[in-house]
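Structure record follows, encoded as structure tokens.
Residue numbers (this note's numbering): 1 to 231.
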């Protein structure tokens, strides 16, 4: 799972240091690095952001004031040279409070907490929304048979029919709860509980035939082996 994050800090050296820490994790995707609260507010309005590294003391608008103003807040990790603001930050339900200079060990401890929390939230969800021409449509995970990707379009196959939306295959893979869906081909993700049979390089899923590629066959066979009734 990748976490989309932004850095908000008025000090260039502090931003540079945070960018290095972010790039070193492997699962943090830096969306933007902002020098003030107004820049951050614009990014939050335009982009999907799951985690914000937020400095408190900045000109024009403090980080705490930005946080108070947001109607929908991402997970927030405070980064500051002033430990006296910790209580105020935690009253706003921030995830963690990092005091500068931030060590790699302390940074990893904090972002791993964010990763665990976001994975838990994703596992507990029972549906997703897709964008349609007229608005948004809710689809329950339990109704999905498999998902087919082609360029920047997704076709979500359910027992009730097909649902098409403009989105990347990678975005769908990150949205789906782990353990319930499995990628079996560069263009196909199947609902594990909807798999009916496997024959050669093709599986049956809700009455549909779905190809299985060599690169993903091992994971599928491991799943089958774990549930196989033996002699």
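Built from N, CA and C at the ideal position, the CB exists for glycine as well.
With a cut-off of 8 Å on Cβ pairs, the stretch 24 to 41 is not in contact with the stretch 120 to 138, counting fewer than three such pairs.
Short of 6 Å from the beta carbon of residue 129, and not among the five residues preceding or following it, lie these beta carbons of its own chain, in chain order: 136, 138. By a beta-carbon distance limit of 8 Å, residue 7 contacts residue 18. Their separation comes to about 5 Å.
Rounded to whole angstroms, residue 188 and residue 76 show a C-alpha spacing of 34 Å. Here residue 33 carries a strand assignment [DSSP, helix/strand/coil]. The alpha carbon of residue 196 has as its nearest neighbour, out of 164, 80, 184, 209, the alpha carbon of 209. When rounded, the separation of the alpha-carbon atoms in residue 109 and residue 160 is 44 Å. According to DSSP, residue 38 shares a beta bridge with no other residue. Rounded to whole angstroms, the gap between the alpha carbons of residue 223 and residue 215 is 15 Å. Secondary structure remark: continuous beta strand (DSSP E) runs of at least 3 residues inside the stretch 177 to 231, in chain order: 181 to 185, 188 to 191, 195 to 199, 202 to 205, 208 to 211.
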